[in-house]
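Taking the working numbering, the leading residue of the sequence shown gets 288, the next gets one more, and so forth.
We treat Cβ as the ideally placed atom computed from N, Cα and C, and that holds for glycine.
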Amino acid sequence: MTLSIPFDNSYARLPPAFFSTQPPSPVTAPRLIAFNADLARLMGIEPGEVGEMAQVFAGNRLPEGATPISQLYSGHQFGQYNPQLGDGRAVLLGETVGIDGVRRDIQLKGSGRTAYSRGGDGRAWLGPVLREYVVSEAMHALGVPTTRALAAVETGEPVYREGAMPGAVLTRVAASHLRVGTFQIFAARGDTNNLKRLTDYAIARHYPDADGPMGLLAAVRDAQARLIARWMCVGFIHGVMNTDNSSISGETIDYGPCAFLDIYDPAAVFSSIDRTGRYAYSNQPDIAVWNLAQLATALIQQYDDREAMVEEATGIVHAMPDLIRQHWLAGFGAKIGLSDARTEDVALIGDLLMRMTGNQADFTNTFRALGNGSARDQFTDPAAFDAWEANWQDRLTTESDPQAVMRAANPAFIPRNHRIEQMIAAAVEGDYAPFKRLNAVLSRPYEEQPDAADLARPPMPDEVVAATFCGT
Ligand code: AMP
Ligand code: MG
Numbered sequence: 288m289t290l291s292i293p294f295d296n297s298y299a300r301l302p303p304a305f306f307s308t309q310p311p312s313p314v315t316a317p318r319l320i321a322f323n324a325d326l327a328r329l330m331g332i333e334p335g336e337v338g339e340m341a342q343v344f345a346g347n348r349l350p351e352g353a354t355p356i357s358q359l360y361s362g363h364q365f366g367q368y369n370p371q372l373g374d375g376r377a378v379l380l381g382e383t384v385g386i387d388g389v390r391r392d393i394q395l396k397g398s399g400r401t402a403y404s405r406g407g408d409g410r411a412w413l414g415p416v417l418r419e420y421v422v423s424e425a426m427h428a429l430g431v432p433t434t435r436a437l438a439a440v441e442t443g444e445p446v447y448r449e450g451a452m453p454g455a456v457l458t459r460v461a462a463s464h465l466r467v468g469t470f471q472i473f474a475a476r477g478d479t480n481n482l483k484r485l486t487d488y489a490i491a492r493h494y495p496d497a498d499g500p501m502g503l504l505a506a507v508r509d510a511q512a513r514l515i516a517r518w519m520c521v522g523f524i525h526g527v528m529n530t531d532n533s534s535i536s537g538e539t540i541d542y543g544p545c546a547f548l549d550i551y552d553p554a555a556v557f558s559s560i561d562r563t564g565r566y567a568y569s570n571q572p573d574i575a576v577w578n579l580a581q582l583a584t585a586l587i588q589q590y591d592d593r594e595a596m597v598e599e600a601t602g603i604v605h606a607m608p609d610l611i612r613q614h615w616l617a618g619f620g621a622k623i624g625l626s627d628a629r630t631e632d633v634a635l636i637g638d639l640l641m642r643m644t645g646n647q648a649d650f651t652n653t654f655r656a657l658g659n660g661s662a663r664d665q666f667t668d669p670a671a672f673d674a675w676e677a678n679w680q681d682r683l684t685t686e687s688d689p690q691a692v693m694r695a696a697n698p699a700f701i702p703r704n705h706r707i708e709q710m711i712a713a714a715v716e717g718d719y720a721p722f723k724r725l726n727a728v729l730s731r732p733y734e735e736q737p738d739a740a741d742l743a744r745p746p747m748p749d750e751v752v753a754a755t756f757c758g759t
């Protein structure tokens, strides 16, 4: 068997200003540690021998049809504009159009230095590669739009971070790697031609029904609003919602210091570099709006009469908070068993969340337990739940099958932070069993899996992950 990837590359046909040609840098001793056969099938990829796939997904051998490039972009990092970022450790091999008709990027992440590496080594260590593999695939199974993981390899080379760590490369798959920051760089440079070119490309690739730059802005708004509400519903904290990590397709991208809520705390922040809590759990909707405003600012630069466009763009951006609220209400409504949540239900949901905050209630397990009558056990003061439950039961009387609604909305399993850390620690010692088990269990997060009860358990006090790191 020979690995065969039916490349059909469109980004590499854009003007040279969009990227730099960049073959991946070879590594000493690549070893395949994961290959996502289901995703490969969807993408029309024929798997090859393990040794061959290790060579290709480590970047040692270019598969036929690949046009390796690193993409240029800029972006706001923690609110500060950085005029040039770009793929500092990633190479886009190309795209395939899958058996579902969807075009997807295939990108090696951790494949060596590029024109945009600045001071970085262009590499990744095993920890963040496995973290992104597990968490992105779990997000997909949870029903959250996301980039995915096609493969992971160990490079056989050390990467120097706090000490020498095993190097690794992730093969990331995305609807595209277009970011808000991709638009920002051309806008900031006053390069109107390429800004228009990019706008046309994004519309053709993601939103063919969108009418011009403002149509694109509205389409991105809708996709991002849906995405952020999904994050809130599963207790996901992205951790670094910079505009270069904000995808035009509306997928979750860049699993750096991300984390999931254990006990419900709206102010939760895990990222060690997020000192002001800019990207705290409950700030994510506001930040998504802020990021869309940066996209609006960039898109406007292609109009001759910019002043006139400001009003239209402002209207599009200002509609976003309400859209997020609507998706949030539908999502959290379902989490308490409501198939048709209405504005009046916001108070009921908010009351539960408030009671959870004061009671050390585990976010995932409390909602899951609503369906089986054991939710009060999640509260340090169960009476706090009882007071809410009476109102809830009243509201449920008009619902035909709230249990089914809740089962489909409340996962039993999420990639808990402590399990991710434990999985990484084991893999560094050469034990991949926890990695494989996490992937298997998290591929069916809404199903009861009695054998995996340990993976549904919140962390013991000594297991709690206090901070996450970018992992660069
Ligand atoms: P991130 O915070 O992962 O979104 O990365 C921000 C920027 O830093 C991007 O331009 C990355 O490509 C770049 N970067 C991150 N890690 C490395 C690295 N190890 N070597 C070179 N560039 C990097
Ligand atoms: Mg990034």
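Beta-carbon gap between residue i and residue j smaller than 8 Å
i, j, result
"residue 340", "residue 380", "no"
"residue 722", "residue 421", "yes"
"residue 242", "residue 642", "No information on residue 242 is available, as it lies outside the stretch 288 to 759 that the chain covers here."
"residue 375", "residue 399", "no"
"residue 441", "residue 320", "yes"
"residue 610", "residue 632", "no"
"residue 396", "residue 377", "yes"
"residue 435", "residue 463", "no"
"residue 306", "residue 359", "yes"
"residue 663", "residue 673", "yes"
"residue 757", "residue 543", "yes"
"residue 565", "residue 366", "yes"
"residue 730", "residue 461", "no"
"residue 569", "residue 755", "no"
"residue 546", "residue 704", "yes"
"residue 293", "residue 331", "yes"
"residue 720", "residue 614", "no"
Sequence-distant residues of its chain with Cβ nearer than 8 Å to residue i (five each side left out)
i, result
"residue 267", "The displayed coordinates of the chain run from 288 to 759. Any statement about residue 267 would go beyond what the structure contains."
"residue 567", "524, 553, 554, 555, 556, 561"
"residue 715", "413, 414, 452, 453"
"residue 368", "361, 362, 471, 475"
"residue 692", "621, 624, 625, 626, 686"
"residue 323", "424, 435, 436, 437, 438"
"residue 346", "310, 311, 312, 313, 314, 378, 395, 398, 399, 456"
"residue 695", "621, 733"
"residue 571", "515, 518, 519, 524, 525, 528"
"residue 601", "583"
"residue 630", "616"
Beta-carbon contacts of residue i that lie in its chain and below 7 Å, excluding the five residues immediately before and after
i, result
"residue 335", "288, 289, 290"
"residue 455", "397, 411, 412, 413, 416, 439, 440, 441, 442"
"residue 318", "341, 440, 441, 443"
"residue 576", "604, 607, 608"
"residue 500", "486, 586, 589"
"residue 448", "412"
Spatial neighbours of residue i in its chain, beta-carbon cut-off 6 Å, leaving aside the 5 residues before and after
i, result
"residue 384", "295, 390"
"residue 514", "432, 537"
"residue 733", "698"
"residue 333", "291"
"residue 372", "360, 361, 362, 531"
"residue 446", "410, 412, 452, 454"
"residue 465", "489, 535"
"residue 364", "529"
Residue i classed as buried or exposed, judged by whether at least 16 other C-beta atoms fall within 10 angstroms
i, result
"residue 605", "exposed"
"residue 386", "exposed"
"residue 419", "buried"
"residue 519", "buried"
"residue 598", "exposed"
"residue 727", "exposed"
"residue 526", "buried"
"residue 522", "buried"
"residue 459", "buried"
"residue 747", "exposed"
"residue 634", "exposed"
"residue 382", "buried"
"residue 407", "exposed"
"residue 751", "exposed"
"residue 684", "exposed"
"residue 618", "buried"
Nearest-angstrom beta carbon gap, residue j and residue i [assumed within contact, 8 Å]
i, j, result
"residue 457", "residue 327", "With a Cβ gap of about 15 Å, residue 457 and residue 327 do not count as contacting."
"residue 357", "residue 403", "6 Å"
"residue 675", "residue 640", "Not quite, the Cβ-Cβ distance comes to about 10 Å (not below 8 Å), so this is no contact."
**Asked** How about the region 654-668 and the region 589-599: do they share at least three Cβ pairs that are nearer than 8 Å?
**Response** no
**Message:** Using a Cβ distance threshold of 8 Å, determine whether the region 466-482 contacts the region 527-535, with at least three qualifying pairs required.
**Reply:** yes
**Item:** Touch test, the region 631-651 against the region 546-555, Cβ-Cβ under 8 Å, three pairs minimum
**Value:** yes
**Request:** Determine contact between the region 300-319 and the region 477-490, defined as no fewer than three beta-carbon pairs at a distance below 8 Å.
**Result:** yes
**Item:** Cβ pair count under 8 Å reaching 3, the region 307-327 against the region 505-520
**Value:** no
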